[in-house]
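Engineer: Quick one: structure below, then a few questions.
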Amino acid sequence: MANVILIPGTFHGGWYWEPLANKLRTFGNEVFTPTLSGLELEGHEKSPINLDTHINDVLQLIEEKKLKTVVLVGWSYGGMVITGVADRTNAVVQLLVYLDAMVPKPGQREWDLVLEEDKEHFLAMCSDGLNMQPPSEFLNFEPRMRPHPLATKLQPLSYNKTKFDMLNKIFVFAEKWFHNPEVSSPLKPILDRIVQEPGWTTHSWPFGHDLLKEAPDLLIKLLLENIGDEN
0 MANVILIPGT FHGGWYWEPL ANKLRTFGNE VFTPTLSGLE LEGHEKSPIN
50 LDTHINDVLQ LIEEKKLKTV VLVGWSYGGM VITGVADRTN AVVQLLVYLD
100 AMVPKPGQRE WDLVLEEDKE HFLAMCSDGL NMQPPSEFLN FEPRMRPHPL
150 ATKLQPLSYN KTKFDMLNKI FVFAEKWFHN PEVSSPLKPI LDRIVQEPGW
200 TTHSWPFGHD LLKEAPDLLI KLLLENIGDE N
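Under numbering that gives the first Met the number 0, think of the first position of the sequence shown as 0, with each following residue one higher.
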């Protein structure tokens, strides 16, 4: 069985993973679904939060739980976090799973990977200069979404590419993005890049970006087939 850490995307907390986490636990896995700093459902400290903060949230979890091996799963923005955690943790990273997630090159920001029009939307959401407010249409779909710290999108991530290349990694590409055929997924260039790099297994699924909601059975099957057998 494995120690699985699930990291959600922008605006989301650990609650997002509840159905998947419960399913994984029924197969004997230890599953952790941290809500990253600033994304709590109720009040949080008004301290500066950046990508390092979120990486450190997960590193602290690994240390507190004394995990010697981990499987790291990231969705969307969560790919930035698990990339940094894999580089900095002392635990053995058995597998990295990127669910339609960001995979930066060393020194890149998530800001460098998103569509140009999305950058304008992000800034328009950030009325206080610190946090991106979830759009009303998102809240209508999921009212638990919370403001997301803008600095997490702007901080570059440095990591050891040689070490990263040696890790086992899975990338699942959602072909339909947000179901607008006129908008190409910003993750397609990432898919095209990583298929030429070592350590990757890639999948292309005919669903939208929210794979947990759109393909739950396929997702649990993928994870169960690939997570390790030892803690």
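Ideal Cβ positions, reconstructed from N, Cα and C, are used throughout, including at glycine.
Measuring straight from C-alpha to C-alpha, what distance separates Glu41 and Asp209?
Structural biologist: About 24 Å.
Engineer: Taking the alpha helix (DSSP H) that Ala150 belongs to, which residues open and close that run?
Structural biologist: Taken as a continuous stretch (DSSP letters only), the alpha helix (DSSP H) holding Ala150 covers Ala150 to Leu153.
Engineer: Which value, in whole angstroms, describes the spacing of the CA atoms of Asn89 and Leu211?
Structural biologist: Cα to Cα, Asn89 sits roughly 29 Å from Leu211.
Engineer: Could you tell me the alpha carbon to alpha carbon distance between Tyr158 and Phe170, rounded to whole angstroms?
Structural biologist: For Tyr158 and Phe170, the distance between alpha carbons rounds to 19 Å.
Engineer: Looking at C-alpha atoms only, which residue of Thr25, Gly128, Asn28 and Leu35 is the closest neighbour of Tyr15?
Structural biologist: Here the closest residue by C-alpha is Leu35.
Engineer: Please state the DSSP three-state secondary structure of Leu112.
Structural biologist: It is coil, neither helix nor strand.
Engineer: Which word fits His147, buried or exposed, when buried means at least 16 other C-beta atoms lie within 10 angstroms of its C-beta?
Structural biologist: Buried.
Engineer: Here's a check: name, in chain order, each residue in its chain whose Cβ is nearer than 8 Å to the Cβ of Gln132, leaving out the five neighbours to either side.
Structural biologist: The residues are Met124, Cys125, Ser126 and Pro146.
Engineer: Can you give me the C-alpha to C-alpha distance between Glu29 and Leu23, rounded to a whole angstrom?
Structural biologist: Going from the Cα of Glu29 to the Cα of Leu23 covers about 8 Å.
Engineer: Look at the alpha carbon of Gly73 and the alpha carbon of Val102, and state the distance between them as a whole number of angstroms.
Structural biologist: In a straight line, the C-alpha of Gly73 is about 10 Å away from that of Val102.
Engineer: Whose C-alpha, out of Leu149, Glu62 and Gly106, is nearest the C-alpha of Glu119?
Structural biologist: Among Leu149, Glu62 and Gly106, the Cα nearest to that of Glu119 is on Leu149.
Engineer: Among the residues of its own chain, which have a CB less than 8 Å from the CB of Trp204, if the five just before and after it don't count?
Structural biologist: Here the set comprises Val171, Phe172, Ala173, Glu174, Leu210, Ala214 and Leu217.
Engineer: Return helix, strand or coil for Gly78, following the three-state DSSP convention.
Structural biologist: Helix, per DSSP.
Engineer: So, does the segment 0 to 9 touch the segment 59 to 68, judging by three or more C-beta pairs under 8 Å?
Structural biologist: At 8 Å Cβ cutoff, the stretches touch.
Engineer: Measure from the alpha carbon of Tyr76 to the alpha carbon of each residue in Leu66, Val92, Lys152 and Ile219, then state which is nearest.
Structural biologist: The shortest C-alpha separation from Tyr76 is found at Lys152.
Engineer: List the endpoints of the continuous beta strand (DSSP E) containing Thr201.
Structural biologist: Thr201 -> beta strand (DSSP E) spans Trp199 to Trp204.
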